[in-house]
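Student:
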Amino acid sequence: MQKSQPFLLAACFALLATATGNGEDAPRSVREYKVHQGLRYPTAEPRLKLDLYVPLDAAEPMPCVVVIQGGGFKPQTGQRFRPMAEHLAEHGFAAALISYRGRPKHTYRETMADVEAAVRFIREISDEYGIDPDRIGAMGRSAGATLAVLLAVTPEKNEGRQAGNDEPYPARIQAAVGIAGVYDFVGRFVDREQIAIQPNLDTKLVTNGEWIGSTYAPTDKDWLRASAINHVDAEDPPILLLHSKNDRTVPWQQSQRMHAELAKAGGSAELEISDNGGHSGPRNSKTKMVAFFEKMLGERGSSPAPVE
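Those letters in the sequence shown? Residues -19 to -1, 1 to 289, per mature numbering (1 follows the signal peptide of the UniProt record, and there is no 0), in order.
#1: Can you name the start and end residues of the beta strand (DSSP E) that Ser225 belongs to?
#2: Within its chain, find whatever has a CB closer than 6 angstroms to the CB of Ala190; leave out the 5 residues flanking it on each side and keep chain order.
#3: Rounded to whole angstroms, what's the CA-CA distance from Tyr22 to Arg173? Just pull it up for me.
#4: Could you pull out every residue in the same chain whose Cβ sits closer than 6 angstroms to the Cβ of Ser107, ignoring the five residues on either side in sequence?
#5: At the level of alpha carbons, what is the spacing between Phe273 and Glu109?
#6: Evaluate the contact criterion for the region 243 to 253 versus the region 206 to 219: three or more CB pairs, one atom per stretch, below 8 angstroms.
#7: So, Val46 versus Met120, is the Cβ gap smaller than 8 angstroms?
#8: Would a C-beta distance cut-off of 8 angstroms place Ala207 and Gly159 closer than the cut-off?
#9: So, with DSSP's three-state summary, where would you put Ile117?
#10: Does any CB atom of chain D fall closer than 8 angstroms to the CB of Met120?
#11: Considering only DSSP beta bridges, list what Leu33 is partnered with.
#12: What's the gap between the Cα of Gln60 and the Cα of Ser261?
#13: Which residue marks the beginning of the alpha helix (DSSP H) containing Pro64, and which one marks its end?
#14: Expressed to the nearest angstrom, what Euclidean distance is found between the alpha-carbon atoms of Pro56 and Pro42?
#15: Taking just the CA atoms, how far does Leu252 sit from Leu33?
#16: Quick one, which of Ala124, Glu97, Thr24, Asp95 has its alpha-carbon nearest Asp165's?
#17: Leaving aside the five residues before and after residue 315 along the sequence, list all residues of the same chain whose C-beta is less than 7 angstroms from its C-beta, in chain order.
#18: Would you please state the rounded distance, in angstroms, between the beta carbons of Arg82 and Glu26? I believe it to be under 8 angstroms.
#19: Using CA coordinates, which residue listed in Met239, Arg229, His224 is at the minimum distance from His212?
#20: What would DSSP say about Gly247, mapped onto helix, strand or coil?
#21: For Gly83, list the residues DSSP reports as bridge partners.
#22: Return the CA-CA distance between residue 308 and Lys269, expressed in angstroms with no decimal places.
#23: Please return the same chain residues whose Cβ sits closer than 7 angstroms to the Cβ of Gly53, not counting the five positions on each side in sequence.
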């Protein structure tokens, strides 16, 4: 059942957060929004659903950002990432807080099929909720960043997944933000710099292998396919990568090298590496994310800025 909940005090809460100090710059403006809860989207798992955060005062169709919670590639409902969806809605973006399947029962193929299905569903309902289907982005942190960036570089072109040719709505997005994500599953276990700053490598080999669906090998086709770094090309949408050098869960070199590959391929990519922030990413991540989406997708009711 769908539930709609207005958040008419959004401005008050945002101002309180600013007053108490949250490590972010003060918001330029805050909008009221409504949450449409429990929208079920068609996947192989009928229980998957999303919550759609929609600003109330949009005069024209607005951009939408798919918000993807991390969590070690395990199944997620997205609810721990509500503050990110709220932040986007307060700044004029529709935000879709999605759920997905994961390890140990499901591999990256099923997880990505769920994420892509959510994007298609958003386009399907775009007229009803005032969303511009041509301005959809995605963001995530940790495993969610891995999924957001994979969504940017792989939909409808990965062998072994639905080609999407018979789908009425595409899964392509127009921009992505990844915070502290894994983009090269092989590289994190062979690169000496990355090995040196990661504890519990044996455990990560097992958990990553559960999600990928095979035992680790540097040449294993699934370990390579699950790595966004192996799919970049000049046609990929703009991507912002954020990371912290003191992240001991995912090495910051993952973002550095993903950015280098995107630039080498002729894509549009931005990178910010901070000294502190741990696995949560730079302290100004929300501010950077909003500014990036405003530039690449355009603010609510406006045209996106040209991509240089």
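Note that CB positions come from ideal geometry on N, CA and C, so glycine has one too.
Tutor: Taking the definition as stated:
#1: Per DSSP, Ser225 belongs to the beta strand (DSSP E) from 220 to 225.
#2: Residue identity differs from the one stated: residue 190 is Gly in this sequence, not Ala. Taking C-beta separations shorter than 6 angstroms and ignoring five residues to either side along the sequence, the partners of Gly190 in its chain run Thr196, Tyr197, following chain order.
#3: 42 angstroms
#4: Pro114
#5: The straight-line gap from Cα to Cα measures roughly 26 angstroms.
#6: The region 243 to 253, when compared against the region 206 to 219, does touch it at the 8 angstroms Cβ threshold.
#7: yes
#8: It is not a contact, given that the beta carbons lie outside the stated cut-off.
#9: strand
#10: Note that chain D does not occur in the displayed structure, where there is just one protein chain.
#11: His17, Ala77
#12: 17 angstroms
#13: Run containing Pro64: 63 to 71, per the alpha helix (DSSP H) assignment.
#14: 31 angstroms
#15: Pairing Leu33 with Leu252, the inter-Cα distance amounts to about 28 angstroms.
#16: Ala124
#17: What is shown of the chain runs -19 to 289, which leaves residue 315 out entirely.
#18: Glu26 and Arg82 do touch by the CB rule: their CB atoms are close to 5 angstroms apart, below 8 angstroms.
#19: Met239
#20: coil
#21: For Gly83, which the question treats as bridged, DSSP gives no partner whatsoever.
#22: Nothing about residue 308 can be reported from this structure: the residues present for the chain run from -19 to 289 only.
#23: Ala124, Thr188
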